[in-house]
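Q: Residues in the sequence shown are numbered from 1 upward in steps of one, following the UniProt record's numbering. Positions of the beta carbon are idealized from the N, C-alpha and C atoms, including for glycine. Everything numeric in this text was worked out from a predicted model, so none of it was measured. My questions will all concern the structure given below.
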Amino acid sequence: MKFPPLHALLCFEATGRHASMKGAAGELFVTPAAISQQIAKLEKAVGVTLFIRNTKRLELTAEGKIYLRAIRPALGQISDATQRLMSDNGPNTITVSCTSGFAMQWLLPRLPDFQAICPGIEVLISTTNRLVDLLGDGVDFAVRHGLGRYPGLEVEMLINDRLQPVCSPSLLPDSRYLSSPIDLKSYNLLHDEHREDWALWLRAVGIEDGEAAVHKGSVFVDSNGVIEAALAGMGIALVRRSLIREELASGRLVVPFRATIDTPIAYYLVYDETAILPKSSKLFRDWLVSQAVASQREFTTR
Numbered sequence: 001m002k003f004p005p006l007h008a009l010l011c012f013e014a015t016g017r018h019a020s021m022k023g024a025a026g027e028l029f030v031t032p033a034a035i036s037q038q039i040a041k042l043e044k045a046v047g048v049t050l051f052i053r054n055t056k057r058l059e060l061t062a063e064g065k066i067y068l069r070a071i072r073p074a075l076g077q078i079s080d081a082t083q084r085l086m087s088d089n090g091p092n093t094i095t096v097s098c099t100s101g102f103a104m105q106w107l108l109p110r111l112p113d114f115q116a117i118c119p120g121i122e123v124l125i126s127t128t129n130r131l132v133d134l135l136g137d138g139v140d141f142a143v144r145h146g147l148g149r150y151p152g153l154e155v156e157m158l159i160n161d162r163l164q165p166v167c168s169p170s171l172l173p174d175s176r177y178l179s180s181p182i183d184l185k186s187y188n189l190l191h192d193e194h195r196e197d198w199a200l201w202l203r204a205v206g207i208e209d210g211e212a213a214v215h216k217g218s219v220f221v222d223s224n225g226v227i228e229a230a231l232a233g234m235g236i237a238l239v240r241r242s243l244i245r246e247e248l249a250s251g252r253l254v255v256p257f258r259a260t261i262d263t264p265i266a267y268y269l270v271y272d273e274t275a276i277l278p279k280s281s282k283l284f285r286d287w288l289v290s291q292a293v294a295s296q297r298e299f300t301t302r
C-alpha cells in the first residue's frame with residue numbers, strides 16, 4: 001500500500017476546495033509558501049501535476065480533479081472517526097434510523113429501560129423506509145429489514161422470530177380458532193411490502209394453490225400499518241410475535257392458527273465500525289443487542 005504524506009494531502013484538499021493557496025493557508029494556519037511546498041512535495045511523490053499554475057486563478061488538472069474527488073470521502077471518514085473518538089467530551093446523543101413499524105412496535109416500548117440505565121444519553125429516532133448513508137446523514141445506527149447484506153458495514157442480527165398469523169378476536173367464531181387454513185380464503189389478508197411472506201406460510205401449511213390469496217387483500221408500507229389494520233378488524237396479518245407482544249398479552253390480537261414459519265428476512269442492526277468508538281454508543285449497541293436476545297428467547301422457549 002502506498003500513502004502520500006498526510007500533511008501534503010490535507011494541503012492539496014484544502015487548496016483544491018478553495019481554488020486558492022491563500023485560502024488553504026488561512027484554514028490550516030500556515031503560510032501560502034508552506035502550502036506551495038507541500039503540494040510540490042505531493043506532486044513529486046505521485047509523479048503527477050495536480051495544479052495548473054500559469055493562470056490568474058489556480059486550477060486543478062484533470063488528474064487533480066479526479067484525485068480530489070477520490071480522497072475526499074477518506075479524509076471525511078478520518079475526520080468523523082476522530083470526532084467520534086473524542087465525542088465523550090461532548091453531548092451524548094445517538095441517532096437511530098429505523099422503520100416506523102420497528103420504532104413503534106419494538107424499540108419505543110423498550111427505550112425507557114435504556115434511559116433508566118443511561119439517563120445522560122439522548123436517543124433520537126429517525127423513521128424512514130429508505131436506505132441511509134450512515135456517515136453522510138449523521139446516523140449512528142440503522143435497523144433494517146432484509147437479508148443482512150450490507151457490504152462495508154458491521155451487521156448484527158436482532159430479530160428473527162417466526163411469522164405468526166394474528167387478527168382481531170372480532171373476526172373469529174366463538175371458538176377463537178379457525179378450523180382449517182382453507183378458511184383463510186374467506187378472509188382479507190393483510191400484507192406489508194413483502195407479499196411473499198404469506199405465500200411461504202400457505203405452502204408451509206399445505207395450501208399449494210395459495211398464490212391467488214397472496215394477491216388479494218390490503219398492502220401497507222410496513223408492519224406498523226399491517227398491525228394497526230389487524231387491530232381494526234380489517235383482516236388477518238402475518239407478523240413476528242416479538243412486534244405484537246403487548247397486543248397478544250392484552251387479547252387485542254389473537255392467533256387463529258398456531259402454525260408459524262421461518263423466513264430468511266430478519267431485522268438487522270447496521271453501523272459503521274467507528275460508530276461504537278464513543279462509550280455512549282457502545283453502551284447503546286450492547287443494550288440493543290441484549291434486548292434482542294431476550295426477545296428472541298421469550299418467543300423461542302414458548
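Which of the three DSSP states, helix, strand or coil, is assigned to Ser168?
A: As a position in the sequence shown, residue 168 is number 168, starting the count at 1. Coil, per DSSP.
Q: Do you know offhand how far Tyr67's Cα is from Ile39's?
A: Here residue 67 refers to the residue found at position 67 when the sequence shown is read from its first residue. Here residue 39 refers to the residue found at position 39 when the sequence shown is read from its first residue. So the alpha carbons of these two residues sit roughly 13 Å apart.
Q: From Leu200, Ile244, Val123 and Glu156, pick the residue whose C-alpha is nearest to that of Leu231; which is it?
A: Residue mapping note: residue 231 aligns to position 231 of the sequence shown, counting from 1. Leu231 has its Cα closest to that of Ile244, out of Leu200, Ile244, Val123 and Glu156.
Q: Please state the DSSP three-state secondary structure of Cys98.
A: Locating residue 98 in the sequence shown gives position 98, where the first residue counts as 1. Strand, per DSSP.
Q: Could you pull the start and end residues of the beta strand (DSSP E) that Ile276 belongs to?
A: Residue 276 sits at position 276 when you count from the first residue of the sequence shown. Counting along the chain, Ile276 falls outside any beta strand (DSSP E), and DSSP gives it neither H nor E.
Q: Thinking C-alpha only, which one of Glu27, Thr260, Gln77 and Trp287 is nearest Leu269?
A: Looking up residue 269 in the sequence shown gives position 269. Cα-wise, what sits closest to Leu269 is Trp287.
Q: How long is the line joining the alpha carbons of Arg250 and Leu283, rounded to whole angstroms?
A: Against the sequence shown, residue 250 aligns to sequence position 250. Against the sequence shown, residue 283 aligns to sequence position 283. The displayed chain sequence assigns Ser, not Arg, to residue 250. Roughly 32 Å separates the two Cα atoms.
Q: Using C-beta distances below 6 Å, list every residue in its chain close to Ile125, excluding the 5 sequence neighbours before and after it, in chain order.
A: Taking the sequence shown and counting its residues from 1, one reaches residue 125 at position 125. Val96 and Ala103.
Q: Quick check: the Cα distance between Trp201 and Ile261, rounded to an integer number of angstroms?
A: Residue 201 sits at position 201 when you count from the first residue of the sequence shown. Residue 261 sits at position 261 when you count from the first residue of the sequence shown. Each residue's Cα considered, the two are about 6 Å apart.
Q: Out of Pro173, Leu58, Val48 and Thr49, state which residue places its alpha-carbon closest to the alpha-carbon of Met21.
A: By one-based count along the sequence shown, residue 21 stands at place 21. With distances taken between Cα atoms, Met21 lies closest to Leu58.
Q: What are the uninterrupted segments assigned as beta strand (DSSP E) that are 3 or more residues long and contained completely in the segment 248-293, given in chain order?
A: 266-271
Q: Closest by CA to Cys118, which one among Leu134, Leu9 and Ser281?
A: To locate residue 118, count along the sequence shown from 1; it is residue 118. Selected option, being the one with the closest Cα: Ser281.
Q: Ile276 to Glu13, Cα distance in whole Å?
A: Walking along the sequence shown from the start, residue 276 turns up at place 276. Walking along the sequence shown from the start, residue 13 turns up at place 13. Distance between the alpha carbons of Ile276 and Glu13: 28 Å.
Q: Measure the alpha-carbon distance for Lys41 versus Leu153 and round it to whole angstroms.
A: Along the sequence shown, one-based indexing puts residue 41 at 41. Along the sequence shown, one-based indexing puts residue 153 at 153. Spanning the two alpha carbons is a distance of roughly 35 Å.
Q: If Asp197 sits next to Leu171, beta carbons under 8 Å apart, how far is it from one beta carbon to the other, in whole angstroms?
A: Translated into the one-based positions of the sequence shown, residue 197 becomes position 197. Translated into the one-based positions of the sequence shown, residue 171 becomes position 171. About 19 Å; that fails the 8 Å criterion.
Q: Have a look at Val30 and His7 and give me their C-alpha separation to the nearest angstrom.
A: As a first step, residue 30 is located in the sequence shown; it is residue number 30 there, counting from the start. As a first step, residue 7 is located in the sequence shown; it is residue number 7 there, counting from the start. Spanning the two alpha carbons is a distance of roughly 12 Å.
Q: Using the C-alpha atoms, what's the distance from Cys98 back to His145?
A: By one-based count along the sequence shown, residue 145 stands at place 145. By one-based count along the sequence shown, residue 98 stands at place 98. Those two C-alpha atoms are separated by around 9 Å.
Q: Which same chain residues end up closer than 8 Å to Gln105 when comparing Cβ atoms and leaving out the 5 residues on each side of it in sequence?
A: On the sequence shown, residue 105 is found 105 positions in, with the first residue counted as 1. Correct list, in chain order: Ser223, Asn224, Ile227, Leu243 and Ile244.
Q: Do you know whose CA, among Asn92, Lys56, Asp80 and Leu111, lies nearest Val289's CA?
A: Along the sequence shown, read from residue 1 onward, the residue named residue 289 stands at position 289. When each option's Cα is compared against that of Val289, the closest is Leu111.
Q: Kindly provide the ranges of any alpha helix (DSSP H) runs that are 4 or more residues long and lie completely inside the UniProt domain "HTH lysR-type" (4-61), ordered along the chain.
A: Segments of the alpha helix (DSSP H) lying fully in the UniProt domain "HTH lysR-type" (4-61): 6-18, 21-28 and 32-46.
Q: With DSSP as the reference, identify every bridge partner of Ser218, one or two as the case may be.
A: Taking the sequence shown and counting its residues from 1, one reaches residue 218 at position 218. Answer is Leu190.
Q: Consult DSSP for Arg162 and reduce its assignment to one of helix, strand or coil.
A: Here residue 162 is taken as the residue at index 162 of the sequence shown, counted from 1. Here Arg162 sits in coil by DSSP.
Q: To the nearest angstrom, how far is it from the Cα of Ser157 to the Cα of Leu178?
A: Mapped onto the sequence shown, residue 157 falls at position 157. Mapped onto the sequence shown, residue 178 falls at position 178. For the sequence presented, residue 157 should be read as Met rather than Ser. Taking the straight line from one Cα to the other gives about 33 Å.
Q: Assign Thr128 to one of three DSSP states: helix, strand, or coil.
A: For the purposes of this step, residue 128 is taken as residue 128 along the sequence shown, with counting starting at 1. Three-state DSSP puts Thr128 in coil, outside helix and strand.
Q: Answer yes or no: do Ile78 and Leu9 have a C-beta to C-beta separation smaller than 8 Å?
A: Mapped onto the sequence shown, residue 78 falls at position 78. Mapped onto the sequence shown, residue 9 falls at position 9. Against a cut-off of 8 Å, the Cβ pair of Leu9 and Ile78 comes out as no contact.
Q: Please report the straight-line C-alpha distance between Phe141 and Gln296, rounded to a whole angstrom.
A: Here the question's residue 141 lines up with position 141 in the sequence shown. Here the question's residue 296 lines up with position 296 in the sequence shown. Cα to Cα, Phe141 sits roughly 20 Å from Gln296.
Q: Got a sec, what are the start and stop residues for the beta strand (DSSP E) Leu238 sits in?
A: Mapped onto the sequence shown, residue 238 falls at position 238. The continuous beta strand (DSSP E) containing Leu238 extends over residues Ile236 to Arg240.
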